[in-house]
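These protein sequence lines map, in sequence, to chains A and B. In my numbering, each residue's number is its place in the first sequence (first place is 1) plus 8. In my numbering, each residue's number is its place in the second sequence (first place is 1) plus 8. For every residue, glycine included, the Cβ atom is placed at its ideal position computed from N, Cα and C.
There are 2 protein chains.
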Amino acid sequence: MVMTTDVHGRDLRYFVTVAEELHFTRAAERLYVSQPALSKQIRALERQLGVELFRRERQGAALTPAGEALLPYARRVLEAWEEGATAVEEVRTAQRSTLVVGMSTSPGRGGLLPAVRSRFTAARPEAVIRLRQVNWADPTAGLADGEADVAFIWLPVPDQDRYAWTVIAEEPVRVALPDTHPLAARAEIDFADLLDEPFLALPESAGPLRDHWLALEARDGRPPRIGAEIAGTEETYEALLAGLGVCLVAAGNVPLLTLGGVTTRPVRGVPPSRYVLAWRKDDARRPLVRAYAEACRTAARGGRGLADGP
Amino acid sequence: MVMTTDVHGRDLRYFVTVAEELHFTRAAERLYVSQPALSKQIRALERQLGVELFRRERQGAALTPAGEALLPYARRVLEAWEEGATAVEEVRTAQRSTLVVGMSTSPGRGGLLPAVRSRFTAARPEAVIRLRQVNWADPTAGLADGEADVAFIWLPVPDQDRYAWTVIAEEPVRVALPDTHPLAARAEIDFADLLDEPFLALPESAGPLRDHWLALEARDGRPPRIGAEIAGTEETYEALLAGLGVCLVAAGNVPLLTLGGVTTRPVRGVPPSRYVLAWRKDDARRPLVRAYAEACRTAARGGRGLADGP
DNA sequence: CTTCGGTGATAACCGATGGTTATGACCACG
DNA sequence: CGTGGTCATAACCATCGGTTATCACCGAAG
């Protein structure tokens, strides 16, 4: 196994140009460098290879056998790199013109998504939207790991200073119970009456959001009973039916759960939840992100006093 | 046309290694560089391409789509370069193990060449000798332009300080004439009697060697008449037959011309000529050159007091 | 024979690059 | 809650790759 040292693409480009011109000064002009710089680099390449590539003569240069041997490979190297750079460039532009929208569940809410989409597409006709449903284990719905560029999520978000958002809705909280649950008979429920109920909880990794849906701040320090962990709509529905526990749910999400056998009731004593479109602060300047956020504000009929944050 | 900037092969090697390890620290170890250096270089490559190649995560790194796209091309670039370097290396070793022997005419002289070859091959069995006949326009028989590594030539050599040599023979000079020439009747000729004869001369480019064979130093400042220029044995023979002029010839080269119709006679008043094996001083350390010179010394029965020079 | 124009090589210099070690922020794990 | 692993950052330094100015060389043209 021969150990070959690395080469700078520039040196090969210089070499090929000199090989084409057979003239250092002219090649230097074509390359927009000074002739001494070119001479030195070619010399360095020769030293690196341990062989002369050109014979310097009065009226220019001539390829040595070694130079002759190298030339086609040098061209191949440059060509391969050019193709690689182009391939990357394509990915780059493709990803610059597609926006991935993360969501934990369907946003629903009376055609919110189509409304945003049509506004967004009007502003950015060339852009492509990809929706991506993300497991509830990730409270940022894909923002954290770069899977999504923007995301429909519930506050609070962990790592608060890495994200910005605009509020879409502030919704009262209801409790979801199996029809068979004793409390299901009541028209409205005090959260105090739920303190001893087993709760369905988001995975640990959801951090403060898990606490939020357990209404930790309304429990006065007493730890909740966890009936099961849930990471998706269907899971939750099945867990409710199975009587593993109850759970809080935003008013706007109620339709996702009330498929039969499950009821929801208003809850007193729990603050409303805020549903937001969020993005990484790093991406705040990306045109597609800005455009989507703007589309979202207007679609949610901005001006109702809903604030951006943080 | 997209303008792609150059890339250093090292950066691609770093990239490929990280892509294989998916782990900066391990990759840095494999590459024998520090982890910060690797991080910085990858970052630089990403900045150059304007795109992230890896997503840094807790337990290592993962390729982004752009990185995924680049990887195969990066491998192709490295591979192409590896092949190119190998090709050059082959040329290098080939040329290091072949010795090109330049000569203006066949050295003849009773099997000199086979004797040198056998001695040389005994010392360097792996080496290959290539003989190369060079036009008389080049008095260094190919040393000057690199066509030959060693050469059998006549002194004086131009650019004296660029070459070294070992003397093979010091031979008396004769004059070659057509049989029909009046002077051909004499057994021996004074050079004074040749002063007005037209001479066959080497090309201008032969420099001092041309003057030598015109015996300029024996003419006392009177310019010679040039009957024709000659650049090869057959040319010379034909020119002599045609009566275009006479010419001086070393005793050892007489057999090359006396094919019929041409005679040679000893000349008084012209110093003997020295036939040498010469090489570029730059090459004085090359093993093959040294070995050939040594073989030449012994084959010419060194110790007869023939000096090396300069 | 000298001058002149054009070749590539060399020198002196300077900012950028690519490496080092030391350190930090972060997070998973006992 | 330390501890050990990740990658990133900082400060520093030698080398690299470029510049301009200049040289040595040689062929062509006065």
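Name the residues in the stretch 64-91 of chain B whose C-beta lies less than 7 angstroms from a C-beta of chain A; which are they? P73, A74, A77, L78, Y81, A82, R84, V85, A88, W89, E90 and E91
Assess, as a yes-or-no matter, whether the stretch 184-197 of chain B is touched by the stretch 290-301 of chain B under the definition of 3 or more beta carbon pairs within less than 8 angstroms. no
B/I137 (DSSP reduced to helix, strand or coil): strand
With a threshold of 8 angstroms between beta carbons, is A/Q43 in contact with chain B? no
Between B/E134 and B/R104, what straight-line distance do the alpha-carbon atoms span, to the nearest angstrom? 11 angstroms
Name the DSSP bridge partner or partners of A/A247? BP columns for A/A247 are empty, so no partner.
If we define contact as Cβ-Cβ less than 8 angstroms, is B/A135 a contact residue for chain A? no
B/R21 versus A/T72: straight-line alpha-carbon distance, rounded: 29 angstroms
Mind listing the chain A neighbours of B/T57? Cutoff is C-beta to C-beta under 9 angstroms, in chain order. One point to set straight first is that residue 57 of chain B is Leu, not Thr, in the sequence displayed. Ordered by position in chain A, the residues that pass the 9 angstroms Cβ test against B/L57 are A93, V96, E97 and R100.
Is the beta carbon of B/A149 sitting closer than 8 angstroms to the one on B/S112? yes
Please compile the residues from chain B whose C-beta is within a distance smaller than 8 angstroms of the C-beta of A/G110. Those within 8 angstroms of A/G110 in chain B number zero; the least Cβ separation is about 15 angstroms.
Which residues in chain A sit within 7 angstroms of B/R182, going by Cβ to Cβ distance? Chain A residues near B/R182: none, gap ~37 angstroms exceeds 7 angstroms.
Quick check: B/V278 and B/V165, are their CB atoms within less than 8 angstroms of each other? no
Determine the direct distance from the alpha carbon of A/F160 to that of A/P231, and round the result to whole angstroms. 29 angstroms
What do you reckon, are the CB atoms on B/G17 and B/L120 nearer than 8 angstroms? no
For A/G268, count neighbouring C-beta atoms within 10 Å of its own C-beta (all shown protein chains included) and say buried if the count is 16 or more, exposed if not. exposed
Proximal chain B residues relative to A/V158, where beta-carbon distance stays under 9 angstroms: Those do not exist, as A/V158 stays about 18 angstroms from chain B at its closest Cβ, beyond 9 angstroms.
A/V284 burial status per 10 Å Cβ neighbour count (16 or more: buried): buried
Does DSSP put B/G313 in a helix, in a strand, or in coil? Note that B/G313 scores 49 on pLDDT, short of 50, meaning its location in the model is unreliable; the coordinates nonetheless yield the value given after this. Note: B/G313 maps to coil in three-state DSSP.
Any idea if A/A36 is buried or exposed, counting beta-carbon neighbours within 10 angstroms, 16 or more meaning buried? buried
Is B/V158 closer than 8 angstroms to B/L107 when the C-beta atoms are compared? yes
Nearest-angstrom Cα distance between A/Y300 and A/A156? 13 angstroms
Heavy atom of the ligand PLP within 7 angstroms of B/A299 beta-carbon: Looking for the ligand PLP in the displayed structure turns up nothing, as the structure carries no ligands at all.
To the nearest angstrom, how far is the alpha carbon of B/A259 from that of B/A286? 20 angstroms
What residues in the stretch 119-131 of chain A bring their beta carbon closer than 9 angstroms to a beta carbon of chain B? none
Own chain residues within Cβ distance below 7 angstroms of A/L222, not counting five before or after: F207, A209 and P232
Euclidean distance between Cα positions of B/L191 and B/L151: 38 angstroms
Interface flag, A/T12 vs chain B, CB-CB below 8 angstroms: yes
Does the beta carbon of A/H16 come closer than 8 angstroms to any beta carbon on chain B? yes
When burial is assigned at 16 or more other CB atoms within 10 Å of the CB, is A/A88 buried or exposed? buried
Using CA coordinates, which residue listed in B/R100, B/Q56 and B/E60 is at the minimum distance from A/Q56? B/R100
Beta carbon proximity, A/R288 to chain B, threshold 8 angstroms: no
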